[in-house]
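Residue numbers (our numbering), protein chains in the order written: chain A, 2 to 384; chain B, 2 to 384.
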C-alpha cells in the first residue's frame, strides 16, 4: 500500500526500479496487436486486452498482462481456439447456456454478461452459464460490465485445481472466485471480488517479491503439513505441484475451512456441473493436451424490479457512510468498502501509468517479435 | 460428534443426563400448539414448528425449539404480528418482492420460496426478496423446500448486528447466513448452510456447555482485543453486548476477513437494501420497541433449463465420489459433503428422538401453561 500526494496503489511496484510505467492505452493497444497476430479478431483482441489491462489498472497484476504468455501459448500450442463460434445453445426464459467453443474466457464472458443484461431487463433477474471456455481473468470485470449499465452483476468461475477441499490434503478445487458489483450514484461502485481460497496465488507472488514470510495457515503440503516462511520457496512448491492452497477459513473446520471449500464447491457445481463444463479435478490449465473446459456463471439483477433506483442509491450511500463511521481497529489503516482499493489504484494508474515489470516487458516484446510485430512495448535500453 | 452402531449426531447432547429425547412429531405438535395459542393460524404454527424442529433434527439446536421463548416474547410484547397479511407487493418477470407484514420469518420464507419455485418453473431462474420480516430460523430449510421439488435453492438473510466489519471493532453486521441446496438422485441432498461469520453464536454456546476453550480468532472486544479462553465467559461478554464475532476469514485481511465481511455485506445489500428492509445497524432483535424489519433473499434455479436432470445427477455423483476418494487430512475424522453431517444427524434423530435440554423442556412447559395449554412436553418428575 502506498499513498503519496493523493495517489494510491493497493499493490505498489516493488522494487520500484525494476518497473517501467506504461500508459494504459499504449499497453492495451500493444496487447491487442499481439492477440490479433495470434489469430483473434480485432474485436476479440480488444476485449482480452481490456480485461488484462483493467486487472493491472486495479492492482491485480497476477491477472494482468503477465498472463499474456499463458494465453498465447494456449493459442499457439493447445487448446485455445482463436476464432471460436460462441453460441447460445440453450435459451429458456431468464436463462441461457453458452458454448464458448474453446475460445478465451474473456470473449465468452463479455458475450455472456451482455446476454444476461438483456435478460435481466426483460425478467428482472437472469442466469447465464458458459461451458467449453478457458480462464477469463478477473471475475470483477464482468460484474463491472453490468454495473456500468446500472445493474447488479454477479460473476463466478471454476478454475484449475489448486485448493484442498476441507479435511483433505491434495488439490481438487480451483480458487473459484466470485465477484458481485453493485452500482452507486457516482463511482466507485461496490465491487466485491474474491477467490474462495484463503489467498490467491498472486498474493504469495507479491510476498515473494517483497521478501515477506508466508504465515502459517495459507498452504499445506500433500501430507497435510503447514508450509510457512520463505514465500519464494513456498511459491516454487506450489508451482512444482507439491503443495495446496487452503480454502477461505483455513485448515479443518475450527475457523471455517468447510465454509470456504463449500463455497468453492457450490460455485463449481453451478459453473461446471450444471453448465456441462468440467469440474474439480477435470478443469485443465490453459496450455495442456486437451481443452480446459472451464465453466463460468453470470447473474444480473435489475434494481428497478425491486425498488426505485434513486431510493436504492440513497440507501446504499447511508450504508456506506455508516460503515465508514465505525470504530476503526487499531491495527487497520482505514475502513474500506469492497472494491475501493482497486478503484483508487485504477484512478492512480490511469493518471501515472501501469507499472510493468521489466521482465514482463521483455517477454511481451519477445512474444510480439515472434508473432511478426515490428514494435516494442518499452525499449529498456533507452530507460 | 458421536457414532455408535450407525447412529451419528453432529452435535451430541452434552452432558447426556441433562437431556430428554423427544419424538420429533411430538415436539412439533407441542410447539405448534404454543404458536396457535399465541395467535398464529394453525397452518402458520405448523410451519414455524417444522422449521424449528428441523433445526433440532439436523443438530443445529441453537436455531431449534430453544428459540421459542424469543418468538413468543416477540408475539406477546413487541413487535411480531401473529396474523400477518403476507403480500406480493411487486411482481416483475422472474422476480417478486414480498411484504411479510412483520410476521415471523418462517412463514414469509416458506411463502417466498414457493413463489420463487413457481417463477423458476416458468423462467428457469428466479429471485424473490422479502421485507418487513423477522428472524426466519435456519437458512437451509428454505433451500430444502426447493430441493424437494428438484430445484437448486438459494436462501440468505440479514440479521441483527453481532459481527465486526473488517478493520472495525464494534458490531455492524449480522451473521448473515447463506444456504444453497442441490438435489441428488437419492438423499442426502447437498446442503451448504453457513453463517458468514467465522462461527455462529451457537458454536460458542456448545463450547461453553462442553467446557472447551474458545481459540484466539473468533471474538474481539470493542477495543479490538482478541478474546479467547473460557467459552462461558466469552458468551456472556457477547450477550452483554460487549464483544463482536469476527467475520469468516478472521481479524484483518491476512486470512481473508475482508472476504467474510464482504460476503455478509453483499448478502445484506441484496436482502436488506434492495428489498426495502433494514440493513446492518438497523436490523433489530425479535423482541424490541419496533419491528425487526429483517430482509431475506430466495433464488431458485431450474436444472432442466441448463442440462437434462439425469445427466446433472450423474455428474454430481461423480463429483461426490471424487471428493470422497481424496487423500484425507491426518487430523480429520472423514471427508464430508456439505449438509451430510446434518442429514445423518436428522436420520439418527428421526429414529431415536431429539435431545431437548431439561431447562428448555421446563421453559416450553411454562410457556405452554401461560398460554393456557393444559399439557406438558415432558414430565421431568417421571424421568
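Don't be surprised by glycine CBs; every beta carbon is placed ideally from N, CA and C. What you are looking at is a predicted structure, and each value in this text was computed from that prediction instead of being measured.
Residues in its own chain within less than 6 Å of residue i by CB, not counting five upstream and five downstream?
i                      : result
residue 8 of chain B   : 349
residue 314 of chain A : 186
residue 4 of chain B   : Low local confidence applies: a pLDDT of 49 at residue 4 of chain B is under 50, so the model's placement there is unreliable, with the coordinate-based value given in what follows. Within the same chain, residue 4 of chain B has no close Cβ partners at all.
residue 294 of chain B : 133, 278 and 279
residue 128 of chain A : 96 and 300
residue 261 of chain A : 197, 248, 249 and 250
residue 203 of chain A : 63
residue 33 of chain B  : 46, 47 and 50
residue 131 of chain B : 99, 101, 109, 113 and 297
residue 89 of chain B  : 97 and 99
Among the options, whose alpha-carbon lies nearest the alpha-carbon of residue i?
i                      : options                       : result
residue 50 of chain A  : A:326, A:295 and A:37         : A:37
residue 96 of chain A  : B:378, B:328 and B:307        : B:307
residue 181 of chain A : A:204, A:154 and A:201        : A:154
residue 106 of chain B : B:120, B:75 and B:241         : B:75
residue 168 of chain A : B:376, B:87 and B:324         : B:324
residue 221 of chain B : B:360, B:210 and B:242        : B:242
residue 158 of chain A : A:30, A:213 and A:194         : A:194
residue 148 of chain A : A:71, A:130 and A:121         : A:121
residue 57 of chain B  : B:363, B:271, B:144 and B:139 : B:139
residue 150 of chain B : B:116, B:174, B:163 and B:179 : B:116
residue 199 of chain A : A:189, A:252, A:235 and A:234 : A:252
residue 136 of chain B : B:292, B:376 and B:375        : B:292
residue 142 of chain B : B:160, B:114 and B:161        : B:114
residue 255 of chain B : A:33, A:352 and A:217         : A:217
residue 19 of chain B  : B:370, B:363, B:372 and B:371 : B:363
residue 281 of chain B : A:267, A:225, A:327 and A:309 : A:327
residue 284 of chain B : B:82, B:29, B:271 and B:173   : B:173
residue 320 of chain B : A:89, A:271, A:123 and A:31   : A:271
List the residues that DSSP assigns as beta-bridge partners of residue i.
i                      : result
residue 169 of chain B : A:329
residue 180 of chain B : B:156 and B:194
residue 358 of chain B : B:20
residue 214 of chain A : A:231
residue 100 of chain A : A:88 and A:132
residue 246 of chain B : B:164 and B:220
Taking 7 Å as the limit between beta carbons, can you name the residues of its chain near residue i, skipping five residues before and five after?
i                      : result
residue 171 of chain B : 165, 223 and 245
residue 11 of chain B  : 2, 60, 342, 343 and 346
residue 23 of chain B  : 354, 355, 357, 378 and 379
residue 289 of chain B : 79 and 80
residue 178 of chain A : 140, 157, 158, 194, 195, 196 and 197
Hey, would you say residue i sits closer than 8 Å to residue j, going by beta carbons?
i                      : j                      : result
residue 258 of chain A : residue 275 of chain A : no
residue 152 of chain A : residue 303 of chain A : yes
residue 263 of chain A : residue 331 of chain B : no
residue 215 of chain B : residue 230 of chain B : yes
residue 233 of chain B : residue 265 of chain B : no
residue 125 of chain B : residue 94 of chain A  : yes
residue 66 of chain B  : residue 54 of chain B  : yes
residue 192 of chain A : residue 176 of chain A : no
residue 190 of chain A : residue 183 of chain A : yes
residue 286 of chain B : residue 161 of chain B : yes
residue 359 of chain A : residue 73 of chain A  : no
residue 405 of chain B : residue 35 of chain B  : This structure cannot settle anything about residue 405 of chain B, because the visible part of chain B is limited to 2 through 384.
residue 83 of chain A  : residue 145 of chain A : no
Apart from the five residues on each side of it in sequence, which residues of its chain come closer than 8 Å, Cβ to Cβ, to residue i?
i                      : result
residue 329 of chain A : 335 and 336
residue 27 of chain B  : 378
residue 384 of chain A : Reliability of the predicted coordinates at residue 384 of chain A is poor, the pLDDT of 49 falling under 50, and no value is obtained from them.
residue 87 of chain B  : 99, 100, 101, 102, 104, 108, 109 and 112
residue 366 of chain B : 377, 378 and 379
Mapping the DSSP letters down to three states, classify residue i as helix, strand or coil.
i                      : result
residue 303 of chain B : coil
residue 132 of chain A : strand
residue 1 of chain B   : The shown model of chain B, from 2 to 384, leaves out residue 1 of chain B, and the question about it has no answer.
residue 233 of chain B : helix
residue 255 of chain B : coil
residue 72 of chain A  : helix
residue 384 of chain A : Interpretation of residue 384 of chain A is limited by its pLDDT of 49, a score under 50 that renders its predicted location unreliable; the figure taken from the coordinates is listed afterwards. Three-state result, residue 384 of chain A: coil.
residue 42 of chain A  : coil
residue 276 of chain A : coil
residue 297 of chain A : strand
residue 174 of chain A : strand
residue 15 of chain B  : coil
Note down, in chain order, all residues in the segment 249-266 of chain A with a beta-carbon under 7 Å from any beta-carbon belonging to chain E.
Given the protein chain composition of this structure (A and B), no chain E is represented.
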